[in-house]
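Each remark here refers to the structure printed beneath this line.
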Amino acid sequence: MEIAFYIASAIAIYATLRVVTNTNPVHALLSLIVSLLAVAAIFFMLGAPFAGALEIIVYAGAIMVLFVFVVMMLNIGPAVAMQERAWLTPKTWVVPAILAAVLLAEMLYLLRDGTWNQAGHTLVDAKQVGISLFGPYLLVVELASLLLLAALVAAYHLGKRDDQNG
Amino acid sequence: MNLSFETFLPLAPVILLSLTAVLVMLAVSIKRNHCVSYWITIAGQLAALVSIFALDGFAVDRVATPVTDLILIDGHAYFYGALVIFASLVCTVFLRNFIESYGNNKEEVYMLLLIAAVGGLVLVSSSHMAGFFIGLELLSVPVYGMVAYTHERSRSLEAGVKYLILSAAASAFLLFGMALVYAQTGTMLFADLADKLAEHGGYLAGFGIAMIVIAMCFKLSLAPFHLWTPDVYQGAPAPVGALLATASKLAIIAILIRFLGHITSDLTAVLQPVLAVIAIVSIAVGNFLALTQTNLKRMLAYSSIAHMGYLLIALIAGNSVDVVSANVYLLTYVVTSLAAFGAISALSHGGNALDAEEVNHYRGLFYRSPALAVALTLVMLSLAGIPLTAGFIGKFYIFMTGVTTSSWILLAALIIGSGLGLYYYLRVMVALYDRTGNSQADNVPAARASVAIVILLVVLVLWLGVYPQPALEFINTLH
Chain A
136 MEIAFYIASA IAIYATLRVV TNTNPVHALL SLIVSLLAVA AIFFMLGAPF AGALEIIVYA
196 GAIMVLFVFV VMMLNIGPAV AMQERAWLTP KTWVVPAILA AVLLAEMLYL LRDGTWNQAG
256 HTLVDAKQVG ISLFGPYLLV VELASLLLLA ALVAAYHLGK RDDQNG
Chain B
23 MNLSFETFLP LAPVILLSLT AVLVMLAVSI KRNHCVSYWI TIAGQLAALV SIFALDGFAV
83 DRVATPVTDL ILIDGHAYFY GALVIFASLV CTVFLRNFIE SYGNNKEEVY MLLLIAAVGG
143 LVLVSSSHMA GFFIGLELLS VPVYGMVAYT HERSRSLEAG VKYLILSAAA SAFLLFGMAL
203 VYAQTGTMLF ADLADKLAEH GGYLAGFGIA MIVIAMCFKL SLAPFHLWTP DVYQGAPAPV
263 GALLATASKL AIIAILIRFL GHITSDLTAV LQPVLAVIAI VSIAVGNFLA LTQTNLKRML
323 AYSSIAHMGY LLIALIAGNS VDVVSANVYL LTYVVTSLAA FGAISALSHG GNALDAEEVN
383 HYRGLFYRSP ALAVALTLVM LSLAGIPLTA GFIGKFYIFM TGVTTSSWIL LAALIIGSGL
443 GLYYYLRVMV ALYDRTGNSQ ADNVPAARAS VAIVILLVVL VLWLGVYPQP ALEFINTLH
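Chains A and B are the protein sequences, given in the same order. Position one of the first sequence corresponds to residue 136 (this note's numbering), numbered consecutively onward. Position one of the second sequence corresponds to residue 23 (this note's numbering), numbered consecutively onward.
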């Protein structure tokens, strides 16, 4: 009964290939979202629901939506309306939509079935993740905060223009 | 799990450096002042350096202390840690006059430098895959920002992006390798690795370890993973180049030595010929490509590829890593490279469009700034491995390793490489004393603090070359 796992994996690989081969950034990003959703499904089936939820919230949710917005905002100009219309053709969304629908069907099937981690050995829930993050891996959490600080400072400096003060 | 003050005491240098980074951030948020940020950075690094000695880091009877599962602090970790802090301290001094003339924000670079030093310290003392990875990222991410710091120069920005993308690829390799090793062995602790590998050994874990080693070779810019090096060294501001060439390489070598010490001998036997080929190719590629360079930074980049190739000999000749040779070589290489990049930094200014990086900039330097020219001459001699300089002692140790383990092919590569190296180092020296002079560099004043540090480093180079006994004895007592 690991068929769901293989379907999700196939979707992840196919969607990622579409990301790499697509020349239109918005098309590529839609496929990337599907790919991330599929990876989240894999996490769920491996028995790591916390990682799966984070994958959806952080990657598919926050980061990807930000990406799509930025890409769309970059195209400011008279051609925007036409481009928007062009993006709404079925060619853009039909494949990602089908792939996402397959994932949805898989999720409904698994919910009905009740076997969450059919491809994994053990279930690692949020509580266990929290205990190890603030137990043996405490130092990693602290160092990760420094890493974020470094990335923030570097991004701030690189994003700042010469003619601004402060 | 009980965490107390004593648990974290051995981590004092890491904590002090992190604290300094936060202090610099707070100082900047209150009022931007280049001088204040600079002195906080210097004081913090000195405190971290002193704390290593205050903790009796090098005491002979010292036992390795674990700090949680992630960190294992022993004499070697403190030795590499002290070298990392020393290198970043010297880079701070070089950075000051470089960044003084830079028009944009100046203070952030010190914060990035401090965080990179924290990453280096974590990396050299990690005993767990998670510590390994987070240390490496902590070392790399601030450096992306530092390489691209002078982003008004297009080359600097290009170098930053190049380093970011290629490093990310290397990190992906590293993570995938770790995942494969974990999938097979079920452990992320270095200490358990050998037993578990012997127990569940298989292609998956071997493949994973190969990927980890490839990622390390990438970071060390060993051929054929070296393509990014010359562009990044050229684009990076000279003081950042110093950090890249020393602290970053040193920390990665340190973890590679530790990691190789924990894998089973049958895997080492497979890795050995591969790494031997990488060492020989690095020596050849580095030296041959350096021959035609007219840009001093690019030349140093190619020569660093060759130097990493020499160093790899100490890691792979015979059946085990020759840690003493590697440490001696690292010590001499770090001191010499710092001085070489320091000389470039002393003549470079962040406000200018280019660093003083062409060999032409140095034509007739002796008649403008004799002290710096003499220092640079000695540095080039040391890089070439001429007796009475530190470089000779380092190369001598590598040579001895090669002889005692009868690795004749590697030795041949070392000798031919050194001979080739002499040519391009000599070319720089000849330019220094060329009387024809050069109009474009005549009016670049050498920064006094940087020149003073370069001279100090050169004194150290000579001292290591003429009277290496104390340093060698010290390295021999490390355990």
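Every residue, glycine too, gets a C-beta built ideally from N, C-alpha and C.
Does the Cβ of residue i have 16 or more other Cβ atoms within 10 Å, making it buried, or fewer, making it exposed?
i	result
residue 299 (chain A)	Reliability fails at residue 299 (chain A), whose pLDDT of 49 lies under 50, so the model's placement of it is uncertain and no value is given.
residue 250 (chain B)	buried
residue 409 (chain B)	exposed
residue 113 (chain B)	buried
residue 349 (chain B)	buried
residue 288 (chain B)	exposed
residue 27 (chain B)	exposed
residue 495 (chain B)	exposed
residue 301 (chain A)	Residue placement at residue 301 (chain A) cannot be trusted, given a pLDDT of 41 that sits under 50; what the coordinates show is reported in the next sentence. Result: exposed.
residue 491 (chain B)	exposed
residue 489 (chain B)	exposed
residue 428 (chain B)	exposed
Does the Cβ-Cβ distance between residue i and residue j come in under 8 Å?
i	j	result
residue 66 (chain B)	residue 134 (chain B)	no
residue 94 (chain B)	residue 277 (chain B)	no
residue 304 (chain B)	residue 222 (chain B)	no
residue 55 (chain B)	residue 471 (chain B)	no
residue 401 (chain B)	residue 486 (chain B)	no
residue 341 (chain B)	residue 379 (chain B)	no
residue 226 (chain B)	residue 149 (chain B)	no
residue 106 (chain B)	residue 69 (chain B)	no
residue 224 (chain A)	residue 162 (chain A)	no
residue 368 (chain B)	residue 468 (chain B)	yes
residue 193 (chain B)	residue 245 (chain B)	no
residue 104 (chain B)	residue 158 (chain B)	no
residue 185 (chain A)	residue 259 (chain A)	yes
residue 242 (chain A)	residue 176 (chain A)	yes
residue 160 (chain A)	residue 206 (chain A)	yes
residue 352 (chain B)	residue 475 (chain B)	no
residue 432 (chain B)	residue 291 (chain B)	no
residue 354 (chain B)	residue 298 (chain B)	no
residue 324 (chain B)	residue 312 (chain B)	yes
residue 160 (chain B)	residue 281 (chain A)	yes
residue 244 (chain A)	residue 139 (chain A)	yes
residue 147 (chain B)	residue 243 (chain B)	no
Distance check for residue j and residue i, CA to CA, integer angstroms please.
i	j	result
residue 360 (chain B)	residue 310 (chain B)	23 Å
residue 35 (chain B)	residue 29 (chain B)	14 Å
residue 267 (chain A)	residue 152 (chain B)	12 Å
residue 303 (chain A)	residue 57 (chain B)	The requested residue 303 (chain A) does not occur in the structure, where chain A is confined to residues 136 to 301.
residue 373 (chain B)	residue 127 (chain B)	12 Å
residue 178 (chain B)	residue 259 (chain B)	7 Å
residue 333 (chain B)	residue 235 (chain A)	52 Å
residue 110 (chain B)	residue 142 (chain B)	10 Å
residue 172 (chain B)	residue 124 (chain B)	8 Å
residue 173 (chain A)	residue 263 (chain B)	42 Å
residue 452 (chain B)	residue 162 (chain B)	36 Å
residue 188 (chain B)	residue 195 (chain B)	11 Å
residue 31 (chain B)	residue 89 (chain B)	9 Å
residue 247 (chain A)	residue 182 (chain A)	17 Å
residue 184 (chain B)	residue 237 (chain A)	38 Å
residue 59 (chain B)	residue 157 (chain A)	47 Å
residue 144 (chain A)	residue 224 (chain B)	24 Å
residue 171 (chain A)	residue 330 (chain B)	39 Å
residue 84 (chain B)	residue 383 (chain B)	49 Å
residue 141 (chain A)	residue 148 (chain A)	11 Å
Would the region 259-278 of chain B count as touching the region 206-216 of chain B if we require 3 or more Cβ pairs under 8 Å?
Contact fails: fewer than three Cβ-Cβ distances are below 8 Å.
So, does the region 284-295 of chain A touch the region 115-134 of chain B, judging by three or more C-beta pairs under 8 Å?
Yes, they touch.
Using a Cβ-Cβ cut-off of less than 8 Å, list which residues of the region 204-225 of chain B approach chain A; keep chain order.
none
Compile a chain-ordered list of the residues in the region 266-283 of chain A whose CB is closer than 7 Å to at least one CB of chain B.
Using a CB distance below 7 Å, the part of the region 266-283 of chain A facing chain B consists of 270, 271, 272, 273, 274, 275, 278, 279, 281, 282, ordered along the chain.
Three or more C-beta pairs closer than 8 Å, one from the region 351-365 of chain B and one from the region 429-448 of chain B: is that the case here?
no
What are the residues in the region 118-148 of chain B lying within 7 Å of chain A by C-beta distance?
125, 126, 127, 130, 133, 134, 137, 140, 144
Residues, ordered as in the chain, of the region 225-250 of chain B that lie near chain A by beta-carbon distance below 7 Å:
none
When you compare the region 187-206 of chain B with the region 66-80 of chain B, are there three or more beta-carbon pairs, one atom per stretch, that lie closer than 8 Å?
no
Pull out every residue of the region 443-458 of chain B whose Cβ sits closer than 8 Å to any Cβ of chain E, in chain order.
Among the chains of the structure shown, chain E does not appear; the protein chains present are A and B.
Quick one: any contact between the region 377-391 of chain B and the region 410-427 of chain B, if contact means 3 or more CB pairs under 8 Å?
no
Of the residues that make up the region 72-99 of chain B, which ones have a beta carbon closer than 8 Å to any beta carbon in chain A?
89, 90, 91, 92, 93
Residues of the region 171-184 of chain A with a CB closer than 7 Å to any CB of chain B: list them in chain order, please.
Result list empty, no residue passes.
Could you list the residues in the region 175-209 of chain B with a C-beta less than 7 Å from some C-beta on chain A, going in chain order?
none
For the region 361-392 of chain B, which residues have a CB atom closer than 9 Å to at least one CB atom of chain A, in sequence order?
none
With 7 Å as the limit, tell me which residues of the region 273-293 of chain B have their beta carbon closer than that to any beta carbon of chain A; keep them in chain order.
Per Cβ criterion, the list is empty.
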